[in-house]
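The sequence shown: position 360 = 372 (the working numbering), numbered continuously.
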Amino acid sequence: MIWFRPDVLTTGAGVPVGDKLNLMTAGPRGPLLVQDVVFTDEMAHFDRERIPERVVHAKGAGNTFLVFENLLSLLHLFVTLEHKTSHRSHRYICSNSQQYIVLSDFHDMSPLMLVLVFQTDQGIKNLPVEEADRLASTDPDYSIRDLYNAISNGNFPSWTLYIQVMTFEQAENWQWNPFDLTKVWPHKDFPLIPVGRLVLNRNPINYFAEVEQLAFDPSNMPPGIEPSPDKMLQGRLFSYPDTHRHRLGANYLQLSVNCPYRTRVANYQRDGPMCMFDNQGGAPNYFPNSFSAPDTQLRFVESKCKVSPDVARYNSADDDNVTQVRTFFTQVLNEAERERLCQNMAGHIKGAQLFIQKRAVQNLMAVHPDYGTRIQTLLDKYNTEGKKNTIHVYTRGGASAVAAASKM
């Protein structure tokens, strides 16, 4: 077997990359930086890897129009937050996503960290692995049809929205990075506070207009809510709108399913493909100007936050990545759920080469011996039934391969 020395990893422009695994941040727990061109080069290309679909569109669940109770009161809360003094502000909050940690100003204008958590009101029900595999091959629209029929019959699915609250001081001194998306804030230390419900109250009337053209964006936050240094959220603040501009065009926010209805857009963005409406008439398209065009308001300036001054690519691989997983496996899941988890994990790993399977089992052993042992037992069974393919070594064609061969 001939091994070639791997090429130096580069960006799309050919600039060599020193560290691809870790993002450039302001401190270990700080926000991402625009100057991290390795990240933006990777994400901007990833956003465009799939060209927009033509006549045949990808399948998707037919659930649109996510409705919060007391929506008007909710929106009003964050616009007039500085006038609130009572603790009623804990009652309502709005966000598009359950997994993001955000900043918010509550009482006395003191910024807090919030985790938004959606929990189903219908309970959790799982299919046996064999039944799920059968439906995937014989009835791939099973879940979509179930959702569509439930909504049509008035059986609206809903989720209760909770928040968990952490002060800046607690965040700075917590035992692990509270902005790590893979970890859960302990409920005993940061109890769940109910703030509203999310209801799917109707099916889409036109699938293309309301689903295919839909463009969610975590950067669309009302005044009073701001992004945290959660690295996944920080990356999506760039990636989501960048993808929408590629998929739907620069004026995707003018589409009826995406445009704001509770406020009038007033900015200096003009023209572009598929520009709708009046293109903001004859208003000036430069800022500042002297013709009563839209102006800034200091009351909407984002809050200040302190970050570490050291800009670097911080490796978080040594963070505790097993304790909460171990608790989940041993204390949260019941026996049937553990069995399904192991079957699914082994089913996904069984096609990998043996040395990769071994590495995966070692990681699971670190979580809990029973977890790793179950996976290994299932893999042994799968590997006995089907012979593994020969290991294939990747070699790059072109000039680099020719040059490498000439040196042998």
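Backbone N, C-alpha and C fix where the C-beta goes; we use that ideal spot for every residue, glycine too.
Exercise. Are V373 and Q355 close, meaning C-beta to C-beta below 7 Å?
Worked result: no
Quick one, are the C-beta atoms of R311 and H380 less than 7 Å apart?
-> no
(Q) Quick check: D133 and S170, are their CB atoms within less than 7 Å of each other? (A) yes
In the stretch 203-268, which residue ranges form an unbroken beta strand (DSSP E) of at least 3 residues, counting only runs that do not cross its ends? 205-212 and 237-239
Report task. Could you please give the first and the last residue of the uninterrupted alpha helix (DSSP H) stretch that includes Y174? Result -> Where Y174 is concerned, there is no enclosing alpha helix (DSSP H), although the beta strand (DSSP E) it sits in stretches over S170 to T179.
Exercise. Could you tell me whether the stretch 188-196 touches the stretch 232-245, where touching means 3 or more Cβ pairs closer than 8 Å?
Key: yes
task: Pull up the DSSP beta-bridge partners for V373, would you.
output: Paired residues: none, contrary to the question.
query: Do H258 and Y264 have their C-beta atoms closer together than 7 Å?
result: no
Query raised in the report: According to the Cβ coordinates, are V27 and L21 closer than 7 Å?
Result: no
Entirely within the stretch 131-158 and at least 4 residues each: give me those alpha helix (DSSP H) ranges in chain order. 141-150
* **Start and end residues, alpha helix (DSSP H) containing T52** => V49 to F58
If we count the other Cβ atoms within 10 Å of its Cβ and call it buried at 16 or more, is L128 buried or exposed? buried
Margin query: If I measure Cβ to Cβ from D59 and keep anything under 7 Å in the same chain, skipping five residues before and after, which residues do I get?
Written below: S251, D254, T255 and H258
Does A348 come out as helix, strand or coil in the three-state DSSP assignment?
helix
In the DSSP assignment, find the beta strand (DSSP E) that holds R325 and state where it starts and stops.
V323 to R325
query = Under 7 Å, do S320 and G39 count as touching if we go by C-beta distance?
reply = yes
State the Cα-Cα distance for the pair T172 and V211, rounded to the nearest angstrom. 9 Å
ask   = Just to confirm, are M286 and G261 a CB contact at a threshold of 7 Å?
value = yes
Give the DSSP bridge partners of A38, in chain order.
-> V323
Look at W188 and D331 and say whether their C-beta atoms are less than 7 Å apart. yes
Residues bridged to V129 [DSSP beta-bridge criterion]: Y174
- Item | Top-ranked residue by Cα proximity to I156, from V177, Y219, T179 and M125 | Y219
message: By alpha-carbon positions, which one of N279, D201 and P152 ends up nearest to I175?
response: D201
- Query: Tell me which same chain residues have a C-beta within less than 6 Å of the C-beta of A305, skipping the five on either side of it?
  - Reply: A295 and P296
Taking Cβ positions, are M178 and M125 nearer each other than 7 Å? yes
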